[in-house]
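Here is the structure we will look at, set down as structure tokens.
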Amino acid sequence: MIELAIVWSILLAQVMLALAMAFALYRIIKGPRAQDRILGLDTLYINAMLMLLAFGIRTANTIYFETALIIALIGFASSIAFAKFLMRGEVIE
Amino acid sequence: MRAWFPYPLLLIALLVMWLLLNQSAAPGSIVVGVVLSTLLGWVTVKLQPTQSRLHRLRQIGSFSLVVAADIIRSNVAVAGTILRARRTPTNSGFMTVDVDLENENALALLACILTATPGTAWLEYDRRQKNLLLHVLDIENEDLWRRTVKRYAAGLKEVLK
Amino acid sequence: MSHMTDLPSWAAIVVCGLLLLGAAMTLIGSLGLLRLPSFYDRLHAPTIATSGGTILICLASMLCFAVLQSRWIFHEMLIIFFVTVTTPVTLMLLGQAALYRDRVEDRRDVPHKSKPASEPDAE
């Protein structure tokens, strides 16, 4: 009984996270201006990281958690670079 | 010694983090960790961080509790706003607050706190006029936000000197 | 799923609750990204996903593996630390960039101030 509840709640959480990723993707594609697209990208990588965490809870495999950590760091760097690019038109001054 | 290891606490923290991430205390990973954290210490010198000291540890605890409670409350409020966004249009707007903070670390912390709170977003701080441009999601409680920001600034001023 | 059956039932219920709540917060944040009308409104939406969703899901994972004692929970602590430190920086820079671009384009709905000499080649 408990096992069934765990399986279904992890599945439901993953469905919700996938839907959240779809919303972020819609904002990337639709976004009227460049800053909307970057905001969508930022949200997309955070949602992807949470999805990996859900997989990690499901399988208890350390590699998912390491991947989530790396996504968190690299996504931050890329969003910063994009924001700097919007501000000045150049990444490195 | 000081020239080689400018920030000893940072070095120890980075080394511990490296060892925990590797989940081993083999001599090889200790050597790599020491080399990496020494190099990162030199990089930090290049960044020229302004150093400030923490005062009154008890106040830090109560301040962070207050901030955490505010963030949770504002999370719930903004979630409600988003769920209702289709029926009632959002009532958002820009506002300026006078904030008198000289310390750079205190300003950075204030920016992090305000942006981590879902209802408010930090946009710009004018150093000469000492005012801060914010975007808030419900502009109706403008006075409440203003008081909150001032309270945070006063708290940070006391804790960081 | 073999490791999950070893969880005592109270821990399983708490882990599932935290996980579902975190996923729901993330979904609401992304829904805000979809629904809110202007860019500055949408700037508030991802903070719910990070401050609410990430912390709750990481807490669920930490509780799960702390009770099972099968692996270190250090990764989750680092993820919480990095995400709470880095997301405000991203959103702040993005807000500043949007404000700068809107000012260069002379939009009406953005607060203006005495502009510094702006670069002629911007936009």
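Residue numbers (the working numbering), protein chains in the order written: chain G, 1 to 93; chain D, 1 to 161; chain W, 1 to 123. Glycine included, C-beta positions come from ideal geometry on N, C-alpha and C. Remember, predicted model here, so these are calculated numbers, not experimental data.
Nearest residue (CA-CA) to Arg146(D), options Asn22(D), Met17(D), Asn131(D) and Ile71(D)
The count along the second sequence starts at 1 and reaches residue 146(D) at position 146. Arg146(D) has its Cα closest to that of Asn131(D), out of Asn22(D), Met17(D), Asn131(D) and Ile71(D).
Top-ranked residue by Cα proximity to Ile46(G), from Thr67(G), Leu4(G), Ser9(G) and Lys84(G):
The residue given as residue 46(G) occupies position 46 in the first sequence. Checked all of Thr67(G), Leu4(G), Ser9(G) and Lys84(G); the closest Cα to Ile46(G) is Thr67(G).
Can you list, in chain order, the residues of its chain whose CB lies under 6 Å from that of Glu142(D), leaving out five sequence neighbours each side?
Here residue 142(D) is taken as the residue at index 142 of the second sequence, counted from 1. For Glu142(D), where only same-chain residues beyond five positions count, the Cβ hits under 6 Å are Met95.
Strictly below 8 Å CB to CB, what residues from chain G border Gln96(W)?
Taking the first residue of the third sequence as 1, we reach residue 96(W) at position 96. The contacting residues are Ala83 and Met87.
If contact is defined by three or more beta carbon pairs under 8 Å, each pair taking one atom from either stretch, is the segment 9 to 28 of chain G in contact with the segment 26 to 33 of chain W?
yes
Cβ of Ala45(W) within 9 Å of Cβ of Ile82(D)?
Position 45 of the third sequence, counted from the start, is the residue given in the question as residue 45(W). Position 82 of the second sequence, counted from the start, is the residue given in the question as residue 82(D). For Ala45(W) and Ile82(D), yes; Cβs fall inside 9 Å.
Shorter than 9 Å from the beta carbon of Arg107(W) to some beta carbon of chain D?
Reading the third sequence from its first residue, position 107 is the one you call residue 107(W). So, not an interface residue.
Indicate the three-state DSSP secondary structure (helix, strand or coil) for Val97(D) in the structure shown.
The residue labelled residue 97(D) in the question sits at position 97 within the second sequence. Of the three classes helix, strand and coil, the one that applies to Val97(D) here is strand, per DSSP.
Would a C-beta distance cut-off of 9 Å place Thr47(W) and Pro118(D) closer than the cut-off?
Here the question's residue 47(W) lines up with position 47 in the third sequence. Here the question's residue 118(D) lines up with position 118 in the second sequence. Yes.
Any idea if Trp8(G) is buried or exposed, counting beta-carbon neighbours within 10 angstroms, 16 or more meaning buried?
The residue you call residue 8(G) lines up with position 8 of the first sequence. Its Cβ having fewer than 16 others within 10 Å, Trp8(G) is exposed.
Nearest neighbour of Asp165(D), chosen from Leu101(D), Gly33(D), Arg56(D) and Arg87(D) [CA to CA]
The displayed coordinates of chain D run from 1 to 161. Any statement about residue 165(D) would go beyond what the structure contains.
Between the CA atoms of Leu156(D) and Thr120(D) - distance to the nearest angstrom
Here residue 120(D) corresponds to residue number 120 of the second sequence, with the count starting at 1. Here residue 156(D) corresponds to residue number 156 of the second sequence, with the count starting at 1. Cα-Cα distance, rounded: 18 Å.
So the beta strand (DSSP E) His135(D) belongs to, where does it begin and stop?
By 1-based counting over the second sequence, the position of residue 135(D) is 135. For His135(D), the enclosing beta strand (DSSP E) covers residues Asn131 to Val136.
Give the straight-line distance between the Cα atoms of Val76(D) and Val35(D), rounded to the nearest whole angstrom.
To locate residue 76(D), count along the second sequence from 1; it is residue 76. To locate residue 35(D), count along the second sequence from 1; it is residue 35. For Val76(D) and Val35(D), the distance between alpha carbons rounds to 45 Å.
Residues of the segment 37 to 50 of chain D with Cβ closer than 7 Å to any Cβ of chain W, in chain order:
The residues in question: there are none.
Taking CB distances under 9 Å as the criterion, tell me whether Arg103(W) reaches chain G.
As a working note, residue 103(W) is residue 103 in the third sequence. Cβ-Cβ to chain G under 9 Å: no for Arg103(W).
Name, please, each residue of chain G whose Cβ falls closer than 7 Å to the Cβ of Met77(W).
On the third sequence, residue 77(W) is found 77 positions in, with the first residue counted as 1. Ordered by position in chain G, no residue passes the 7 Å Cβ test against Met77(W), which lies about 10 Å from the chain.
Same chain only: Cβ atoms within 7 Å of Ala34(G), ignoring 5 sequence neighbours per side
The count along the first sequence starts at 1 and reaches residue 34(G) at position 34. Scanning its chain for C-beta atoms nearer than 7 Å, with the 5 sequence neighbours on each side dropped, one finds around Ala34(G) the residues Leu86, in chain order.
Show which residues of chain G have a CB atom less than 9 Å away from the CB atom of Thr84(W).
Here residue 84(W) is taken as the residue at index 84 of the third sequence, counted from 1. Going along chain G, no residue has its Cβ under 9 Å from Thr84(W), so there is no contact; the nearest lies around 10 Å.
Distance check for Leu94(W) and Gln129(D), CA to CA, integer angstroms please.
The residue you call residue 129(D) lines up with position 129 of the second sequence. The residue you call residue 94(W) lines up with position 94 of the third sequence. For Gln129(D) and Leu94(W), the distance between alpha carbons rounds to 23 Å.
Inter-residue Cα distance where the pair is Leu91(W) and Ser51(W)
Residue mapping note: residue 91(W) aligns to position 91 of the third sequence, counting from 1. Residue mapping note: residue 51(W) aligns to position 51 of the third sequence, counting from 1. Put simply, the backbone Cα of Leu91(W) is about 13 Å away from that of Ser51(W).
Any idea what DSSP makes of Trp18(D), helix, strand or coil?
Along the second sequence, read from residue 1 onward, the residue named residue 18(D) stands at position 18. Three-state DSSP puts Trp18(D) in a helix.
Presumed contact (8 Å Cβ cut-off) between Val97(D) and Leu134(D), rounded CB distance
On the second sequence, position 97 is the one that residue 97(D) refers to. On the second sequence, position 134 is the one that residue 134(D) refers to. Confirmed, Cβ separation roughly 6 Å.
Assuming Leu78(W) and Ala54(G) make a contact with CB atoms under 8 Å, what is their CB distance in whole Å?
Your numbering for residue 78(W) matches position 78 in the third sequence. Your numbering for residue 54(G) matches position 54 in the first sequence. Contact doesn't hold; Cβ gap of about 18 Å is too wide.
For Ala68(G), go through chain W and note every residue whose CB falls closer than 8 Å to its CB, in chain order.
On the first sequence, residue 68(G) is found 68 positions in, with the first residue counted as 1. Going along chain W in sequence order, the residues near Ala68(G) (Cβ under 8 Å) are His75 and Ile79.
From the beta carbon of Ser29(D), is the nearest beta carbon of chain W less than 9 Å away?
Here residue 29(D) refers to the residue found at position 29 when the second sequence is read from its first residue. With respect to chain W, the C-beta atom of Ser29(D) has no partner C-beta closer than 9 Å.
Check whether the Cβ atoms of Met25(W) and Leu56(W) sit closer than 9 Å, and answer yes or no.
Counting from one through the third sequence, the residue named residue 25(W) turns up at place 25. Counting from one through the third sequence, the residue named residue 56(W) turns up at place 56. Yes, Cβ-Cβ distance for Met25(W) and Leu56(W) is below 9 Å.
I think Asn105(D) touches Leu160(D), with their Cβ atoms under 8 Å apart; what is that distance to the nearest whole Å?
Translated into the one-based positions of the second sequence, residue 105(D) becomes position 105. Translated into the one-based positions of the second sequence, residue 160(D) becomes position 160. Going by Cβ atoms, the distance from Asn105(D) to Leu160(D) rounds to 6 Å, so yes, they are a contact pair.
From Ile38(G) to Leu19(D), what distance separates their C-alpha atoms?
Position 38 of the first sequence holds residue 38(G). Position 19 of the second sequence holds residue 19(D). Ile38(G) and Leu19(D) have their alpha carbons spaced roughly 35 Å apart.
Take Ser92(D) as the anchor and find which of Leu99(W), Gly53(W), Pro37(W) and Thr87(W) has the nearest alpha-carbon.
In the second sequence, the residue the question calls residue 92(D) occupies position 92. With distances taken between Cα atoms, Ser92(D) lies closest to Pro37(W).
For the candidate residues Ala66(W), Leu63(W) and Cys58(W), whose alpha-carbon lies nearest to that of Phe65(G)?
Looking up residue 65(G) in the first sequence gives position 65. Ranking the options by Cα distance to Phe65(G), first place goes to Cys58(W).
Against chain W, does Gln23(D) count as a neighbour if the rule is that its beta carbon must be under 9 Å from one of theirs?
In the second sequence, the residue the question calls residue 23(D) occupies position 23. With 9 Å as the cut-off, Gln23(D) counts as an interface residue toward chain W.
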